[in-house]
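Visitor: Sequence order for the protein chains is G and C. Counting along the first sequence from 1, when you hit position 66 you're at 66 in UniProt numbering, and nothing is skipped either side. Counting along the second sequence from 1, when you hit position 126 you're at 126 in UniProt numbering, and nothing is skipped either side. My questions all concern the structure below.
Number of protein chains: 2
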Amino acid sequence: MEFKSIGTIKSSFSEPAVPEEMRKENSVILVNEEFEDGLYKIEESTHLQVLFYFDKSKGYELIAERRVGGLKGVFASRTPGRPNPIGVTVVELIEKRGRELEVKGLDAIDNTPVIDIKPYVPVFDESS
Amino acid sequence: MEFKSIGTIKSSFSEPAVPEEMRKENSVILVNEEFEDGLYKIEESTHLQVLFYFDKSKGYELIAERRVGGLKGVFASRTPGRPNPIGVTVVELIEKRGRELEVKGLDAIDNTPVIDIKPYVPVFDESS
């Protein structure tokens, strides 16, 4: 399966940090010009789900000591080191300016490629 | 970016149906043998986030009439017809049997390739 970048994250974090700290800051998703029309009416959503590519991730371990909860399988963990290194995070949409989305809550470093943006829909995205 | 299938969905739906109907049924995620160890301790999570590939999706429209909410951009919609056709759904983990996960709430048809499985973590995945 071949996927392409649809945009890029602009963040004040140029190196990985603790996700909890990264999510306190605002960042910007700059959508590529060719996809700008795909943002039509996105401001109707207060929250978005962002899929991004952990492009700095090098390989993965099927079972390893994780940052949270000790020894776990890769699919029982949110580690960036995954067979398919895709991150999924829900963010608050602060402002849309043309093809820039200012968001709060994104835990991705500067220049991370974006794979997809979806409106956050509780019925799909929440456990209850 | 090149991604690979890590497993396959076994569902009683062989054709696309209304997602709300599909999510009422149980389905099975069969993880490929080479990735089985990655499931270690996954049963500690009651809910999982599943990323899958809309392999039946053919192309996309940047702006179109959507199933819900009228005319919208592709990133303001959950349509399967996306620049990168990846679905994200939260499911309940019913039972783990070897490399099979029986889950409830998955809105994907039979034989859909799975890209990733992550534990559902409210702090990352909920809007509040």
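Ideal Cβ placement from N, Cα and C applies to all residues, glycine included.
In this structure, does DSSP put residue 129 of chain C in helix, strand or coil?
Guide: This structure cannot settle anything about residue 129 of chain C, because the visible part of chain C is limited to 1 through 128.
Visitor: To test your reading of the DSSP string, which unbroken alpha helix (DSSP H) runs of 4 or more residues are found completely within the region 18-83 of chain C?
Guide: Complete alpha helix (DSSP H) runs here, min 4: 19-22.
Visitor: What's the C-alpha gap between G/Gly-59 and G/Val-74?
Guide: In the first sequence, counting from the first residue as 1, residue 59 of chain G sits at position 59. In the first sequence, counting from the first residue as 1, residue 74 of chain G sits at position 74. Going by the C-alpha atoms only, they are around 11 Å apart.
Visitor: Show which residues of chain C have a CB atom less than 7 Å away from the CB atom of G/Val-121.
Guide: Within the first sequence, numbered from 1, the residue matching residue 121 of chain G stands at position 121. Going along chain C in sequence order, the residues near G/Val-121 (Cβ under 7 Å) are Arg-78.
Visitor: Report the three-state DSSP secondary structure of C/Asp-116 (helix, strand or coil).
Guide: Position 116 of the second sequence holds residue 116 of chain C. C/Asp-116 falls in the strand class under three-state DSSP.
Visitor: Would you mind reading off the limits of the beta strand (DSSP E) that contains G/Ile-9?
Guide: If you number the first sequence from 1, residue 9 of chain G lands on position 9. Segment 7-10, the beta strand (DSSP E) holding G/Ile-9.
Visitor: Here's the rule I'm using: 16 or more other beta-carbon atoms within 10 Å means buried, otherwise exposed. How should C/Lys-118 be labelled?
Guide: Indexing the second sequence from 1 puts residue 118 of chain C at position 118. Buried, since its Cβ has 16 or more Cβ neighbours within 10 Å.
Visitor: So which residues of chain C does G/Gly-38 contact, with C-beta pairs closer than 7 Å?
Guide: If you number the first sequence from 1, residue 38 of chain G lands on position 38. Neighbours of G/Gly-38 on chain C, chain order: Leu-62, Gly-73, Val-74, Phe-75.
Visitor: When we look at the beta-carbon of C/Ser-12 and count the other beta-carbons within 10 Å, is it buried (16 or more) or exposed?
Guide: Position 12 of the second sequence, counted from the start, is the residue given in the question as residue 12 of chain C. Counting Cβ neighbours within 10 Å, C/Ser-12 comes out exposed, since fewer than 16 surround it.
Visitor: CB C/Lys-120 to CB C/Val-90, shorter than 8 Å?
Guide: Indexing the second sequence from 1 puts residue 120 of chain C at position 120. Indexing the second sequence from 1 puts residue 90 of chain C at position 90. The amino acid at residue 120 of chain C is misidentified as Lys; the sequence shows Tyr. Closer than 8 Å, so yes.
Visitor: Considering only residues of the same chain and omitting the five flanking positions on each side of C/Ile-42, which have a CB-CB separation below 8 Å?
Guide: Working through the second sequence from its first residue, we reach residue 42 of chain C at position 42. So the qualifying residues of the chain are Leu-48, Leu-93, Lys-96, Leu-101, Ile-117, Pro-119.
Visitor: Any chance the region 104-114 of chain G sits against the region 76-84 of chain G, with 3 or more Cβ pairs inside 8 Å?
Guide: Output reads no: the region 76-84 of chain G does not touch the region 104-114 of chain G.
Visitor: Compute the distance between the beta-carbons of C/Arg-99 and C/Leu-51, then report whether it is under 8 Å.
Guide: Indexing the second sequence from 1 puts residue 99 of chain C at position 99. Indexing the second sequence from 1 puts residue 51 of chain C at position 51. Not closer than 8 Å, so no.
Visitor: Could you tell me which chain G residues have their CB closer than 7 Å to the CB of C/Glu-65, listed as they occur along the chain?
Guide: In the second sequence, the residue the question calls residue 65 of chain C occupies position 65. Residues of chain G passing the Cβ test: none, with the nearest at roughly 12 Å.
Visitor: Since residue 131 of chain C contacts G/Glu-126 with CB under 8 Å, what's their CB separation in whole angstroms?
Guide: Residue coverage of chain C in this structure runs from 1 to 128, which leaves residue 131 of chain C outside it and unanswerable.
Visitor: Tell me which residues share the same chain as C/Ser-77 and place their Cβ nearer than 6 Å to its Cβ, disregarding the 5 neighbours each side in the sequence.
Guide: Within the second sequence, numbered from 1, the residue matching residue 77 of chain C stands at position 77. Arg-66.
Visitor: Around the Cβ of G/Leu-106, are there at least 16 other Cβ atoms within 10 angstroms (buried) or fewer (exposed)?
Guide: Locating residue 106 of chain G in the first sequence gives position 106, counting from the first residue. Flag for G/Leu-106 reads buried.
Visitor: In whole angstroms, give me the CA-to-CA distance for C/Glu-36 and C/Leu-71.
Guide: Position 36 of the second sequence, counted from the first residue, corresponds to residue 36 of chain C. Position 71 of the second sequence, counted from the first residue, corresponds to residue 71 of chain C. For C/Glu-36 and C/Leu-71, the distance between alpha carbons rounds to 42 Å.
Visitor: Check each candidate in G/Pro-122, G/Glu-21, G/Ser-5 and name the one with the smallest Cα separation from G/Ile-29.
Guide: As a working mapping, residue 29 of chain G is identified with position 29 in the first sequence. When only C-alpha atoms are compared, the closest one is G/Ser-5.
Visitor: So, helix, strand or coil for G/Val-123, using DSSP?
Guide: On the first sequence, position 123 is the one that residue 123 of chain G refers to. Helix.
Visitor: Measuring straight from C-alpha to C-alpha, what distance separates G/Leu-22 and G/Pro-16?
Guide: By 1-based counting over the first sequence, the position of residue 22 of chain G is 22. By 1-based counting over the first sequence, the position of residue 16 of chain G is 16. In the sequence as presented, Leu is not what sits at residue 22 of chain G; that position holds Met. For G/Met-22 and G/Pro-16, the distance between alpha carbons rounds to 9 Å.
Visitor: How is C/Gly-98 classed by DSSP in three states: helix, strand or coil?
Guide: Start at 1 with the first residue of the second sequence, and residue 98 of chain C comes out as number 98. C/Gly-98: coil per DSSP, three-state reduction.
Visitor: By the criterion of Cβ-Cβ separation under 8 Å, what are the contact partners of G/Asn-84 in chain C?
Guide: One-based indexing of the first sequence puts residue 84 of chain G at position 84. Simply Phe-3, Lys-4, Ile-6, Leu-51, Ile-115, Asp-116.
Visitor: List the residues of chain C that G/Lys-24 touches, going by C-beta distances under 9 Å, in chain order.
Guide: Taking the first sequence and counting its residues from 1, one reaches residue 24 of chain G at position 24. Within 9 Å Cβ-Cβ: nothing; G/Lys-24 doesn't reach chain C, min ~12 Å.
Visitor: Is it buried or exposed, G/Pro-122, if we count other Cβ atoms within 10 angstroms and call 16 or more buried?
Guide: If you number the first sequence from 1, residue 122 of chain G lands on position 122. Counting Cβ neighbours within 10 Å, G/Pro-122 comes out exposed, since fewer than 16 surround it.
Visitor: What separation, rounded to the nearest whole angstrom, lies between the Cα atoms of C/Phe-3 and G/Ala-108?
Guide: Here residue 3 of chain C corresponds to residue number 3 of the second sequence, with the count starting at 1. Here residue 108 of chain G corresponds to residue number 108 of the first sequence, with the count starting at 1. Taking the straight line joining both Cα atoms gives about 19 Å.
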